[in-house]
Amino acid sequence: MDHTEASTTNSTSDATKVALGKGLDIGTANLAAAVQNDEDGITVTVERNAFLDIGSDVYSKNMLTKLKVPYVVHNGKLVVLGESAFELANVFGKETRRPMKDGLISPTEIDAMPMIKLIISKVLGDPREQGENCYFSVPAESLDVDNNVVYHQGLFEGMLNKMGYTAKAINEAHAVVFSELAEQEFTGIGLSFGGGMANACVCYKTIPCLSFSVARGGDWIDSNVANVLGIKKSRATYIKERGIDIRDPKSREEEAVAIYYRNLISYTLENIKNRFETGTNMPMFNDPIDIACAGGTAMIGGFIEVFRDEFGKIDFPIPVGRIFRAEDSLQAVAKGCLVAAVIGD
Ligand SMILES: Nc1ncnc2c1ncn2[C@@H]1O[C@H](COP(=O)(O)OP(=O)(O)OP(=O)(O)O)[C@@H](O)[C@H]1O
Ligand SMILES: [Mg+2]
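Per the numbering used here, the very first residue in the sequence shown carries number 337; after that it's consecutive.
1) In chain order, what residues of the same chain have a beta carbon less than 6 angstroms from the beta carbon of G672, not counting five sequence neighbours either side?
2) Could you tell me the alpha carbon to alpha carbon distance between I390 and A476, rounded to whole angstroms?
3) Examine ligand 1 and report whether any of its heavy atoms sits within less than 6 angstroms of the Cβ of T364.
4) Which partner residues does C629 have in the DSSP bridge list?
5) Here's the rule I'm using: 16 or more other beta-carbon atoms within 10 Å means buried, otherwise exposed. How should K402 be labelled?
6) Taking 6 angstroms as the cut-off, is the CB of G308 close to at least one heavy atom of ligand 2?
7) Out of I506, N484, R588, which one is the CA nearest neighbour of L440?
8) Quick one: give me the first and last residue of the alpha helix (DSSP H) that T604 is part of.
9) Using DSSP bridges, identify the partner residues of L546.
10) Going by DSSP in three states, D350 sits in which element: helix, strand or coil?
11) Tell me which residue opens and which closes the alpha helix (DSSP H) that F514 is part of.
12) What does a CB cutoff of less than 6 angstroms around R583 pick up in its chain, not counting 5 residues either side in sequence?
13) Beta-carbon separation of G284 and T604 under 7 angstroms?
14) Please return the same chain residues whose Cβ sits closer than 7 angstroms to the Cβ of A677, not counting the five positions on each side in sequence.
15) Can at least three beta-carbon pairs, one atom from the region 557-574 and one from the region 618-627, be found at a separation below 8 angstroms?
16) Taking C-alpha atoms, which residue in Y540, V656, P463, A630 lies nearest to G500?
17) Taking 6 angstroms as the limit between beta carbons, can you name the residues of its chain near L600, skipping five residues before and five after?
18) When the Cα of L388 is compared with those of T364, D447, S442, which residue comes out closest?
19) What's the C-alpha gap between S528 and Q466?
20) Using DSSP's beta-bridge definition, name the partner residues of C289.
21) By Cβ distance below 8 angstroms, which residues in the same chain neighbour Q489 in space, the five residues on each side in sequence not counted?
22) With H, G and I counted as helix, E and B as strand and the rest as coil, what does DSSP make of T432?
23) Look at R658 and C629 and say whether their C-beta atoms are less than 7 angstroms apart.
24) What does the alpha-carbon distance come out to for the pair V415 and V593?
25) Just the Cα atoms here: how many angstroms apart are D438 and G530?
26) Determine the DSSP secondary structure at I580, reduced to helix, strand or coil.
27) Using beta-carbon positions only, say whether I580 and E591 come within less than 7 angstroms of one another.
28) Tell me which residues share the same chain as A670 and place their Cβ nearer than 7 angstroms to its Cβ, disregarding the 5 neighbours each side in the sequence.
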């Protein structure tokens, strides 16, 4: 790899020195990279974690050129990446291929690693300095399915280190705490409701004391809605994302989405409660702690209200103050990874 080019961007101006370190959210549905910008803010770049391969004949090449769709050549095939793949697949009635499934690298997609590497390079870019810190998100072990986070984490550590970064894994929901609970001294509960899973982390002054995931997320809602209504999964996704409010479903289809949402939320809450009560070495929280929700699945209308409603039904073991959704729900994990990279060491 030739990542030896010395970056000089951190010496452009004395006043606006941009801190080194990057955050990367490796998600089933989306890949998001966060860096500090020179206006003292954070820039997040998001791409769909999907690709589409097309024959490399002249006709296909011309078509992509005409449509101005960028592509790369892999194993003699033309490959379209990210959002463009998603759009093109919709136009031609095809399904995109996905490098990840249920929060982890897909065991059935043989091109998963080379493709995800291309998309990651696109959103993350090269390190600005050899060995720049890159904190990347990983899910916690699941309570309900047998999954192998160790292998997944090792693969991405290796990939990022080869790209010239110093890669460090951080639990996805821990990253939500870093992004959303700074004013609470990084004490509270971070929840990430993604495409493949829901991740939870109970944190005390930056230290995670309980982390787990459940294999239920947006994809789980979509397949169940599709099953009970006898519709395609992509149609279920469409209904869910088109701006509905789960407090007030307007059709049989929306009703199904609302039912599975409620179940996902109460299932996650029940699990936090049970794990907290049965866990050892749990800290004592005397003051109420906040719960921050993030992830694409938390973006649905009425999410926080239904969450509060379900919360009210159980006898939660910890005093809780505010329950809120991250301002930028889809970007919170990437931002939290960046915060960890900057303050990490
Ligand atoms: N407006 C919306 N309303 C409801 N759901 C949405 C909306 N926008 C996106 N989603 C859903 O959010 C999910 C993707 O969220 P996110 O990007 O947080 O997941 P991810 O981080 O890639 O996955 P994971 O963390 O599970 O590996 C998808 O299931 C998508 O359908
Ligand atoms: Mg995620």
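C-beta atoms are modelled at their ideal positions from N, C-alpha and C, and glycine is treated no differently.
Quick answer:
1) On the sequence shown, position 336 is the one that residue 672 refers to. Hits under 6 angstroms: A511, V512, F514, S515.
2) Counted from its first residue, the sequence shown places residue 390 at position 54. Counted from its first residue, the sequence shown places residue 476 at position 140. Rounded to whole angstroms, I390 to A476 spans 35 angstroms at the Cα level.
3) The sequence position of residue 364 within the sequence shown is 28, counting from 1. Correct: T364 has its Cβ closer than 6 angstroms to ligand 1.
4) Counting from 1 along the sequence shown, the entry for residue 629 is found at position 293. Paired residues: L527, R661.
5) Counting from one through the sequence shown, the residue named residue 402 turns up at place 66. Flag for K402 reads exposed.
6) Because the chain here runs from 337 to 681, residue 308 falls outside it and cannot be looked at.
7) As a first step, residue 440 is located in the sequence shown; it is residue number 104 there, counting from the start. Among I506, N484, R588, the Cα nearest to that of L440 belongs to N484.
8) Along the sequence shown, read from residue 1 onward, the residue named residue 604 stands at position 268. Element bounds for T604: 588-614.
9) On the sequence shown, residue 546 is found 210 positions in, with the first residue counted as 1. L546 is bridged to V538.
10) One-based indexing of the sequence shown puts residue 350 at position 14. Interpretation of D350 is limited by its pLDDT of 45, a score under 50 that renders its predicted location unreliable; the figure taken from the coordinates is listed afterwards. D350: coil per DSSP, three-state reduction.
11) By one-based count along the sequence shown, residue 514 stands at place 178. It spans 508-516 - the alpha helix (DSSP H) in which F514 sits, taken as one unbroken run.
12) Against the sequence shown, residue 583 aligns to sequence position 247. So the qualifying residues of the chain are G638, E641.
13) With the chain covering 337 to 681 only, the question about residue 284 has no answer from this structure.
14) Here the question's residue 677 lines up with position 341 in the sequence shown. Once the five neighbours on either side are set aside, the close Cβ partners of A677 are G357, K358, G359, N469, C470, Y471.
15) No: fewer than three Cβ pairs fall under 8 angstroms.
16) Within the sequence shown, residue 500 is the residue found at index 164, counting from 1. When each option's Cα is compared against that of G500, the closest is P463.
17) As a position in the sequence shown, residue 600 is number 264, starting the count at 1. The answer, listed in chain order, is R552.
18) As a working note, residue 388 is residue 52 in the sequence shown. Checked all of T364, D447, S442; the closest Cα to L388 is D447.
19) Residue mapping note: residue 528 aligns to position 192 of the sequence shown, counting from 1. Residue mapping note: residue 466 aligns to position 130 of the sequence shown, counting from 1. Each residue's alpha carbon lies about 31 angstroms from the other.
20) No answer is possible for residue 289: the residues shown for the chain start at 337 and end at 681.
21) Position 153 of the sequence shown, counted from the first residue, corresponds to residue 489. Correct list, in chain order: V474, A505.
22) As a working mapping, residue 432 is identified with position 96 in the sequence shown. T432 falls in the coil class under three-state DSSP.
23) Here residue 658 refers to the residue found at position 322 of the sequence shown. Here residue 629 refers to the residue found at position 293 of the sequence shown. No, Cβ-Cβ distance for R658 and C629 is not below 7 angstroms.
24) Locating residue 415 in the sequence shown gives position 79, where the first residue counts as 1. Locating residue 593 in the sequence shown gives position 257, where the first residue counts as 1. About 33 angstroms.
25) The residue given as residue 438 occupies position 102 in the sequence shown. The residue given as residue 530 occupies position 194 in the sequence shown. Answer to the nearest angstrom: the Cα atoms are 9 angstroms apart.
26) In the sequence shown, counting from the first residue as 1, residue 580 sits at position 244. I580: coil per DSSP, three-state reduction.
27) Against the sequence shown, residue 580 aligns to sequence position 244. Against the sequence shown, residue 591 aligns to sequence position 255. Contact flag unset, no.
28) Along the sequence shown, one-based indexing puts residue 670 at 334. Closer than 7 angstroms at the Cβ level, and outside the excluded window around A670, lie G359, L360, D361, A368, A369, A370, V380.
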